[in-house]
Structure formats: structure tokens, C-alpha cells
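Working notes, structure below.
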Amino acid sequence: MSATLWQNATVATLDPALDTAYGLLPQHDVLVRDGHIAAIAPGGSLEAEHCIPLDGALITPSLVDCHTHLIFGGSRANEWEMRQNGVSYQQISAQGGGINSTVRATRETDEDTLYRLSVERLRNFQHEGVGLMELKTGYGLNLETEAKTLRIAQRLQDEGHIRVSRTLLSAHAVPPEFKGRPDDYLDEVIRNIMPTLWQQGAFDCVDVFCENVGFTLEQTERLFQAARALGIPIKGHTEQLSLLGGSALVAQYGGWSADHVEYLDEAGVAAMAAHDTVAVLLPGAFYFLRETQKPPMDLLRQYGVKMAVASDFNPGTSPFASLRLAMNMACVQFGLTPLEAWQGVTVHAAHALRRDDFGCLKEGKPAHFNVWNTDTPVDIIYELGRPFLRHRVLDGRITN
Ligand code: DI6
Ligand code: FE
759 MSATLWQNAT VATLDPALDT AYGLLPQHDV LVRDGHIAAI APGGSLEAEH CIPLDGALIT
819 PSLVDCHTHL IFGGSRANEW EMRQNGVSYQ QISAQGGGIN STVRATRETD EDTLYRLSVE
879 RLRNFQHEGV GLMELKTGYG LNLETEAKTL RIAQRLQDEG HIRVSRTLLS AHAVPPEFKG
939 RPDDYLDEVI RNIMPTLWQQ GAFDCVDVFC ENVGFTLEQT ERLFQAARAL GIPIKGHTEQ
999 LSLLGGSALV AQYGGWSADH VEYLDEAGVA AMAAHDTVAV LLPGAFYFLR ETQKPPMDLL
1059 RQYGVKMAVA SDFNPGTSPF ASLRLAMNMA CVQFGLTPLE AWQGVTVHAA HALRRDDFGC
1119 LKEGKPAHFN VWNTDTPVDI IYELGRPFLR HRVLDGRITN
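Going left to right, the sequence shown walks through residues 759 to 1158 as my numbering numbers them.
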């Protein structure tokens, strides 16, 4: 049995059971045995054959990005340039732009190329200490390409780049071959795409874009009923651009998280609190779309809804491969405290994925943690661009 002692660290456990901010334990040692945290104890009280002195450096849990659309082909940079030059979104859409331009490119890009692109897009997240990432489909919109996307997600984990949670977002948009027939496409998702891929064990949770420009509340519920019948966990993109009641629906179906939630009302907040549905805040899209309606922060706090923060990395509305940037934006734009932002990418993000192997640091959990070149958690959010990460550790092994 090999054991490693990480000595004299400032340990921000983020353990909700501790009553200090950040669950902070200064001058503590962390003992790792067989890939798990065997003990966290005051410095000098533990021994091991292999010691790594840290001189007060910060240890935190691995970061968790619980909402991304990382796997896609093509680029929409040209569309953004057109928009900045005054071309309207309708004109761009009429020329085949928007989500469906990414769908076309994702279908056309071969699997190895798409995999290599994804590895490249992951790199900055790895440098930021992200250990677990949720990856959505939703740029395939047919069985073949949704399956291809999920194989790539699995391969990113199998080849050691990152741990993944795989989400089926086939109900993201209506693909061109079903243009004007959203219910027929939804039938295809419910009868073919979702059950086929679920039977293969290809994904962990199903998602939907419930919005005026996506799927209606009724269509969303039809998807959730079909998912429930198969025992598939659900979540939703809800209340991003308007109030449809999608978040409350997600909660009623016992959903893991309702994501975006800028237009959420008190009834929705209450439903989420009652069902332990996490509110996933996505300030990157809010910023990039120049939105003005902020999530109801005071209500979320008042009802004790857990809040996560994620990158929403995608080519249309949040092309930012940085969870640290999302943390900063969540603080500056939505008014989160730095502590809330830290909880949002650790304990609450792990809960949004129902993954208790990640989240906080405590005895018995897998040793997924980061060592940073600072002793102050707020530095990671405050001084963007400075590469604070010293080590990214997964299952007790240094991965960088
Ligand atoms: N909400 C969004 O902001 C993105 N998807 C979603 O459901 C947009 C994705 C894109 O434009 O490619
Ligand atoms: Fe999204």
C-alpha cells in the first residue's frame, strides 16, 4: 500500500460540515492512500513513506464544470464578426447560421478530428484544475452524430484527459430535415435516439432547451415523461431568455439542475428548493449576449437553492474555455461572493451532476484535488490569466 503525505498545506476543503469559510484548515497535512484521502490532520501529526512539502500552498477540491457543449465542429467566429459589423441575427440565420451551422459542421467532421479538436479545447480547463466536466451532445441531432459525440466524450475520459459526465441534449434545436416539424423530431428523440443510446449506456442524463426559440413547456414535459419511464435522470436549459416555467417542471420531475435561470420567478425557486434541484448559473452566455436580466439571487439564497457556476462553453453564446473566468463573471455580474463562486465549482457543481466522488475534500473520498501557488482561495477568481495551478491530482496521481 503506497501512501503520500502532502505536508503543511492550506486546505480549503469546501466541506459544508465545517463551519469555517471555505472549510479552511491552515497548516494541515493530507494523507493519500490507494487514491483516496486517508486523513486530513494538523501538520506534523501524520507519517508516510513519501512526503511532498507544500510550505503553506493552497489545496482545494478539483474544479467541476457542470455545463458545457465542448464537442463541436466548425467555427462561428465569422458569425460573431458579422454581428459586430451590424448584420442582424435573423439575416445570419437566414444564411444558415446559428446552432444549425454547428450541426452541419459537427456532422461533417470525422470522429478523430472532432476528438483532437476537443482535446485542444480541453487544455485550458486542465490548466485551470478542472477534473470533472459535463459534456453535452446537441450538435448532432441525429442518432449517428449524437452517438459519435458521446463516444468522443467517453474517449476523453478513457485516454485520461478528464473525468466526464455525459448528457444527451438531442432536444437542443430542430434539425434541418425536420424543419417546421418540431413534434415529429421530438418523436424521433423519444422513440429512437434517447432509448437506443440509453440502452448502450452512452449517457448519464438527458437535457432540453426549453425556450421560445427551443422547445415548448409541453414538449419538454413529453420528453421528461419518456425519460422517467426509462429511469433516465433529467435536467434543463430553462428561463434563459423568457419565463416559461421550465425550471419548476425540471424540479417536479426530480431533475438534477435547472440551468441559466435568469428569468426564474419565486414559484420556480420554491419548486427547486423543494426538490433539491441545483441552479446552474452561466454568466458567460449572459455576458456574450449582452443580457440584462440577472438570476433572482436574493430569492435563491433565501430559499437555500444550491447554486453552481459553469462555463457553458459553446460556439454560439459562450466561446470561453475558462471556468475561472465564469467564476469571476458570476461574482462581478451576478453578485456572488467569492465563497459562493468556489462552492459553485466544487460542492454544488458536483451535486448538479450527482457525483459525490467530486465536490469537497474529506476522509474516504477519492483524492481529486489541486495544489495552487498561493494560500488564498480568492486569488484564483481575482487574478485571471495568472497560472496559479501547481498540481492537478486525480485519484492521488499528479496529472501535470
Ligand atoms: N442555450 C444557449 O445559449 C446555447 N444553447 C442553449 O441551449 C446556444 C448554443 C449555440 O448557439 O450553439
Ligand atoms: Fe448550454
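By construction, the Cβ of each residue, glycine as well, lies at the ideal position given by its N, Cα and C atoms.
V822 vs F1116 beta-carbon contact at 8 Å = yes
key: The alpha helix (DSSP H) enclosing C1089, as first and last residue numbers   = L1081 to F1092
query = alpha helix (DSSP H) containing N882: first to last residue?
reply = E869 to H885
ask   = Across which residues does DSSP place P819 in a beta bridge pair?
value = F1127
task = Mind listing which residues have their beta carbon within less than 5 Å of any non-hydrogen atom of ligand 1? Chain order is fine.
result = I857, F967, H995, A1043, N1072, G1074 and T1075
query = Shortest alpha-carbon distance to A852 belongs to which of T925, P934 and H885?
reply = P934
ask   = Are the segment 814-833 and the segment 852-868 in contact at 8 Å, needing three or more beta carbon pairs?
value = yes
request  = Evaluate H808 with the Cβ neighbour count: other Cβ atoms within 10 Å of its Cβ, from every protein chain shown; 16 or more gives buried, anything less gives exposed.
outcome  = exposed
message = So the candidates are L890, I850 and H827; which of them puts its Cα closest to the Cα of H1126?
response = L890
request  = Mind checking which residues open and close the beta strand (DSSP E) that includes P933?
outcome  = Note, P933: premise wrong, no beta strand (DSSP E); not H, not E.
request  = For P1073, count neighbouring C-beta atoms within 10 Å of its own C-beta (all shown protein chains included) and say buried if the count is 16 or more, exposed if not.
outcome  = buried
request  = Please work out which residues of its chain come closer than 6 Å, Cβ to Cβ, to D1133, disregarding the five sequence neighbours upstream and downstream, and give them in chain order.
outcome  = T768, G814 and L816
request  = Measure the C-alpha to C-alpha separation of F1071 and P1077 and round it to an integer number of angstroms.
outcome  = 5 Å
ask   = Hey, quick one: how far does the alpha helix (DSSP H) through A1032 stretch, first residue to last?
value = E1024 to H1033
task = Verify the contact flag: L763, CB atom, against every heavy atom of ligand 4, threshold strictly below 7 Å.
result = Among the ligands in the structure shown, ligand 4 does not appear; only ligand 1 and ligand 2 can be found there.
Length of the line joining the Cα atoms of D787 and G1154 = 14 Å
key: Residue range of the unbroken beta strand (DSSP E) whose run includes E892   = V888 to K894
task = Name, in chain order, the residues that DSSP records as bridge partners for V1038.
result = D1017 and A1066
request  = Use the C-beta contact count for K704: other C-beta atoms within 10 angstroms, 16 or more gives buried, fewer gives exposed.
outcome  = Residue 704 is absent from the structure shown; the chain starts at 759 and stops at 1158.
request  = Assuming P940 contacts Q977 (C-beta within less than 8 Å), just tell me the rounded distance between them.
outcome  = 7 Å
inquiry  = Closest to N882 by C-alpha separation, out of F1146, V845 and L1152, would be which residue?
reply    = F1146
message = Which of the three DSSP states is assigned to D777 in this structure?
response = coil
inquiry  = Are there any heavy atoms of ligand 2 lying less than 7 Å away from the beta-carbon of D823, as far as the coordinates show?
reply    = no
task = Keeping to the same chain, check which residues put their C-beta closer than 7 Å to that of G1012; ignore five residues upstream and five downstream.
result = H1033
ask   = Is the Cβ-Cβ distance between G963 and T925 less than 8 Å?
value = Here residue 963 is Cys; the residue named in the question, Gly, does not match the sequence. Cβ distance < 8 Å, so C963 and T925 count as in contact.
request  = Could you name the residues of the same chain whose beta carbon sits closer than 7 Å to that of A905, not counting the 5 residues immediately before and after it, in chain order?
outcome  = L955 and A960
request  = Per DSSP, which residues does C963 bridge with? Please list them.
outcome  = T925
ask   = Just curious, the alpha helix (DSSP H) that L1097 is in, first and last residue?
value = P1096 to G1102
inquiry  = Quick check on F973: does DSSP put it in helix, strand or coil?
reply    = strand
message = I need the straight-line Cα distance from W1130 to I1138, nearest angstrom please.
response = 9 Å
inquiry  = Measuring straight from C-alpha to C-alpha, what distance separates R1082 and G1102?
reply    = 11 Å
key: R921 at chain D interface by Cβ criterion, 8 Å   = Of the protein chains in this structure there is only one, and it is not chain D.
query = Would you say V1105 and H825 are within 8 Å of each other, going by their C-beta atoms?
reply = no
ask   = What are the residues that DSSP puts in a beta bridge with Q765?
value = P811
ask   = Could you give the C-beta distance for L1119 and L789, rounded to a whole number, given that I count them as a contact under 8 Å?
value = That belief does not hold up - the Cβ atoms of L1119 and L789 are roughly 12 Å apart, past 8 Å.
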